[in-house]
Amino acid sequence: MKTYVIYNIVAEICSHIIKNCEEDFFVKYSCVSKEERTRSRDIIKENIPSLFKGEEIVKITQENLDNELIRHIEALISKLIFLKDYYCLISLAQTLDEALSLLLLSEIHGFEQESFTTVLNTNRETTGIGLLPRCSCVWERKRRLSHCYNRMDNFMYHFLIMENTILGELVDKHIFLKPDIFPNFREKKALKIAATPLSIKRDHKFIYLSDEKVQYVSLEYFEKEYEHTNKLILKKILIAGENECDIAVFPEIMANPETESYIVDKIKKLSSSEQKKLPSFIILPSLFEGKSNTVTVINNKGNIIAKQKKQNPFREYYKGDNYLEEIIPSMVVNIFHYEGIGRIAVLICKDFLTTKYLEQLMRCFKLTLIIVPSFSTGSYDFVQSFDLCAHDDCNVVWINTCAAVEDGKENNFKHIGYVRKRISRYDDESQKLCEMASCSGFTKGLCNEDCIFFETMGMV
Numbered sequence: 185m186k187t188y189v190i191y192n193i194v195a196e197i198c199s200h201i202i203k204n205c206e207e208d209f210f211v212k213y214s215c216v217s218k219e220e221r222t223r224s225r226d227i228i229k230e231n232i233p234s235l236f237k238g239e240e241i242v243k244i245t246q247e248n249l250d251n252e253l254i255r256h257i258e259a260l261i262s263k264l265i266f267l268k269d270y271y272c273l274i275s276l277a278q279t280l281d282e283a284l285s286l287l288l289l290s291e292i293h294g295f296e297q298e299s300f301t302t303v304l305n306t307n308r309e310t311t312g313i314g315l316l317p318r319c320s321c322v323w324e325r326k327r328r329l330s331h332c333y334n335r336m337d338n339f340m341y342h343f344l345i346m347e348n349t350i351l352g353e354l355v356d357k358h359i360f361l362k363p364d365i366f367p368n369f370r371e372k373k374a375l376k377i378a379a380t381p382l383s384i385k386r387d388h389k390f391i392y393l394s395d396e397k398v399q400y401v402s403l404e405y406f407e408k409e410y411e412h413t414n415k416l417i418l419k420k421i422l423i424a425g426e427n428e429c430d431i432a433v434f435p436e437i438m439a440n441p442e443t444e445s446y447i448v449d450k451i452k453k454l455s456s457s458e459q460k461k462l463p464s465f466i467i468l469p470s471l472f473e474g475k476s477n478t479v480t481v482i483n484n485k486g487n488i489i490a491k492q493k494k495q496n497p498f499r500e501y502y503k504g505d506n507y508l509e510e511i512i513p514s515m516v517v518n519i520f521h522y523e524g525i526g527r528i529a530v531l532i533c534k535d536f537l538t539t540k541y542l543e544q545l546m547r548c549f550k551l552t553l554i555i556v557p558s559f560s561t562g563s564y565d566f567v568q569s570f571d572l573c574a575h576d577d578c579n580v581v582w583i584n585t586c587a588a589v590e591d592g593k594e595n596n597f598k599h600i601g602y603v604r605k606r607i608s609r610y611d612d613e614s615q616k617l618c619e620m621a622s623c624s625g626f627t628k629g630l631c632n633e634d635c636i637f638f639e640t641m642g643m644v
């Protein structure tokens with residue numbers, strides 16, 4: 185039997201509960217009584233006896249997923265919906281969540297072999313629910329968000345439940361990273377990240393223009409600087425590799441039209457042993473070109489994993505007027521999944537500062553790591569948004585560039601980047617916000633282009 189059949193059933197249960205139960209239902213169910221739990225379990229055991237062996241929930245596999253099991257589940261769902269027994273219905277969803285845990289792990293292994301995947305269920309359009317295996321995260325609390333959101337997915341641990349009403353017009357693209365992409369993490373349960381502001385030197389200039397109604401700011405790169413910039417980016421990748429980093433992060437718009445091909449070509453020419461020493465998840469500087477601002481993510485073999493476009497244009501105040509970044513949002517958001525790390529997203533500068541957009545992604549995908557490449561005149565607004573993520577057990581890496589400095593705003597660049605990470609309640613509070621300080625020559629306009637920062641985040 186096709187596994188999507190059972191996933192469709194789970195999506196239907198979740199959809200029915202979400203559409204018919206008020207928030208107060210989830211508040212009360214979070215403190216459901218022992219008597220009610222026993223009643224619900226007895227009903228499920230009586231109607232679907234093959235789901236239990238004694239008091240233990242039986243794991244559903246390809247071998248024991250048959251028509252009889254499906255008939256019993258569907259019959260019970262119909263009965264519970266008719267009776268409006270939502271307590272038992274959500275208990276059934278939880279039972280299936282646990283029963284399908286091994287099957288979901290095998291789905292992860294299958295997805296890792298694909299360039300990207302769609303959701304498990306085929307009825308997303310009719311139910312408004314998308315389901316995926318939920319990768320665990322070593323710094324995420326099991327009951328994440330249960331104290332601040334009253335939602336269906338507070339009670340499901342093996343499924344990632346994505347509600348279309350939260351996703352809105354966004355198009356989600358899911359990439360389950362191969363196990364060998366973070367070999368150090370598998371051993372140490374910790375992720376080492378390198379971030380660099382790259383340079384104080386700009387290899388581009390801003391262009392200000394307008395149509396009949398709106399004023400825009402665009403970008404033009406200096407071709408004569410391409411070689412220097414690209415060599416510097418490669419140098420930083422090699423340094424990150426020498427320091428055994430898993431991820432390398434660069435700022436916004438500090439690439440050029442030749443950066444991607446240059447870096448990919450150089451990495452592909454390395455020997456296999458040399459490639460293995462590089463970070464296996466490299467977020468290149470974004471490129472502003474053709475009304476898009478795009479980050480390319482590559483691995484240590486020089487293969488492109490994904491391209492993430494900026495969705496929310498920034499507004500620049502220039503000579504007494506406001507100018508809007510001339511980009512056309514693609515509405516596609518890439519979510520990277522990895523067992524033990526959870527779900528990673530790249531939010532380019534203004535995307536991270538747009539609170540509605542940030543919360544939309546956080547709530548829909550339960551993000552555990554956000555990487556923020558930036559070209560900004562200061563860090564204040566970004567630091568304010570960090571706590572929104574910490575509240576949700578989501579770590580953040582933000583890297584700016586000294587090239588963004590403007591006259592009179594040098595004091596805004598005391599720190600050029602931060603890592604905001606969840607720590608244990610017993611850890612030193614100072615460890616939760618790791619600062620990347622600008623160099624001593626920065627205020628004098630001096631830059632030897634050697635700044636690179638390292639930080640590790642791991643199990644809590």
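Heads up, the final residue of the sequence shown is numbered 644 in our numbering, and it's a clean run with no missing numbers.
Just so it is clear, CB atoms sit at the ideal spot from N, CA and C, and this is done for glycine as well.
Inset, instruction - Measure the alpha-carbon distance for ASN231 versus GLY425 and round it to whole angstroms. - result: 56 Å
Inset, instruction - Mind reading off the beta-carbon distance from VAL581 to ILE607? Whole number of angstroms is fine, and I expect it under 8 Å. - result: No, VAL581 and ILE607 are not in contact; Cβ-Cβ is about 15 Å, not under 8 Å.
Inset, instruction - With a threshold of 16 other CB atoms inside 10 Å of the CB of ARG527, please say whether the residue is buried or exposed. - result: buried
Inset, instruction - Identify whether ASN506 lies in helix, strand or coil by the three-state DSSP scheme. - result: Strand at ASN506.
Inset, instruction - Give me the Cα-Cα distance between LEU630 and SER290, rounded to the nearest whole angstrom. - result: 53 Å
Inset, instruction - On a CA-only basis, which of LYS229, LYS389, VAL644 and ARG308 is nearest ALA195? Give me that one, please. - result: If we check each option's Cα against that of ALA195, ARG308 comes out closest.
Legend entry - Inter-residue spacing [alpha-carbon to alpha-carbon] between SER299 and HIS358: Separation of SER299 and HIS358 (C-alpha to C-alpha, rounded to the nearest whole angstrom) is 9 Å.
Inset, instruction - With a threshold of 16 other CB atoms inside 10 Å of the CB of PRO233, please say whether the residue is buried or exposed. - result: Exposed: under 16 other Cβ atoms inside 10 Å.
Legend entry - Cβ contact check for the segment 560 to 580 and the segment 541 to 550: 3 or more pairs under 8 Å: Three or more pairs of CB atoms, one per stretch, sit closer than 8 Å, so the segment 560 to 580 contacts the segment 541 to 550.
Inset, instruction - Determine the burial state of GLU411: buried for a count of at least 16 other Cβ atoms within 10 Å of its Cβ, exposed for fewer. - result: The residue in question, GLU411, is exposed, as its Cβ has fewer than 16 Cβ neighbours within 10 Å.
Inset, instruction - Out of THR585, ALA587, VAL398 and ILE431, state which residue places its alpha-carbon closest to the alpha-carbon of TYR507. - result: VAL398
Inset, instruction - Locate the beta strand (DSSP E) running through SER608, then write down its first and last residues. - result: Where SER608 is concerned, there is no enclosing beta strand (DSSP E), given that its DSSP letter is neither H nor E.
Inset, instruction - Answer yes if the segment 331 to 340 comes into contact with the segment 201 to 221, meaning at least three C-beta pairs across the two stretches below 8 Å, and no otherwise. - result: yes
Legend entry - Cβ shell of GLN278 (< 6 Å), same chain only, five flanking positions each side left out: PHE339
Legend entry - Coarse secondary structure for TYR522, derived from DSSP in three states: strand
Legend entry - the segment 412 to 424 in contact with the segment 557 to 570 per 3-pair CB rule at 8 Å: At 8 Å Cβ cutoff, the stretches do not touch.
Inset, instruction - Identify every run of the alpha helix (DSSP H) within the segment 511 to 569, keeping only runs that are complete inside it and at least 4 residues long; order them along the chain. - result: 534 to 537 and 539 to 549
Legend entry - Burial state of PHE406 (16 or more Cβ within 10 Å): exposed
Inset, instruction - Starting from the N-terminal side, write out each stretch of the beta strand (DSSP E) that is 3 residues or longer and does not extend beyond the segment 375 to 462. - result: 388 to 394, 399 to 405 and 431 to 433
Legend entry - Beta-carbon contacts of SER224 that lie in its chain and below 7 Å, excluding the five residues immediately before and after: TYR271, CYS272 and SER275
Inset, instruction - Apply the 10 Å Cβ neighbour rule to VAL355 and answer buried if 16 or more other Cβ atoms are within range, or exposed otherwise. - result: exposed
Inset, instruction - Tell me whether GLN495 is buried or exposed, calling it buried when 16 or more other Cβ atoms sit within 10 Å of its Cβ. - result: buried
Legend entry - SER514 to ILE227 span [Cα, whole Å]: 48 Å
Legend entry - Sufficient close CB pairs (3 or more, under 8 Å) joining the segment 614 to 622 to the segment 593 to 604: By the criterion of at least three beta-carbon pairs nearer than 8 Å, the segment 614 to 622 is in contact with the segment 593 to 604.
Legend entry - Minimum C-alpha distance to ASP674 - residue among PRO367, THR585 and ASP571: As shown, the chain starts at 185 and ends at 644. That puts residue 674 outside it, with no answer to give.
Inset, instruction - Taking 7 Å as the cut-off, decide whether the C-beta atoms of PHE559 and THR585 are in contact. - result: yes
Inset, instruction - Keeping to the same chain, check which residues put their C-beta closer than 6 Å to that of PHE570; ignore five residues upstream and five downstream. - result: VAL580 and ARG604
Legend entry - CB of ILE532 within 7 Å of CB of SER476, strictly: no
Inset, instruction - Check whether the segment 343 to 355 touches the segment 368 to 382, counting contact only when three or more Cβ pairs, one atom from each stretch, lie closer than 8 Å. - result: no
Inset, instruction - Please list the segments of the beta strand (DSSP E) lying wholly inside the segment 269 to 347, counting only runs of 3 or more residues, in order along the chain. - result: 313 to 317 and 343 to 347
Inset, instruction - With ILE244 as the anchor, note down where its alpha helix (DSSP H) starts and where it stops. - result: From DSSP, ILE244 is part of no alpha helix (DSSP H); its letter is neither H nor E.
Inset, instruction - Measure how close the beta-carbons of GLU523 and ILE292 come, nearest whole angstrom, since I'm counting them as under 8 Å. - result: 6 Å
Inset, instruction - Less than 8 Å between the CB atoms is what I'm expecting for ILE437 and LEU468, so what's the real figure, rounded? - result: With 8 Å as the limit, ILE437 and LEU468 do not qualify as a contact, their Cβ atoms being about 11 Å apart.
Legend entry - Cβ shell of ARG386 (< 7 Å), same chain only, five flanking positions each side left out: ALA587
Inset, instruction - Enumerate, from N- to C-terminal direction, the unbroken alpha helix (DSSP H) stretches of 4 or more residues contained entirely within the segment 351 to 378. - result: Counting only runs of 4 or more, we get 367 to 372.
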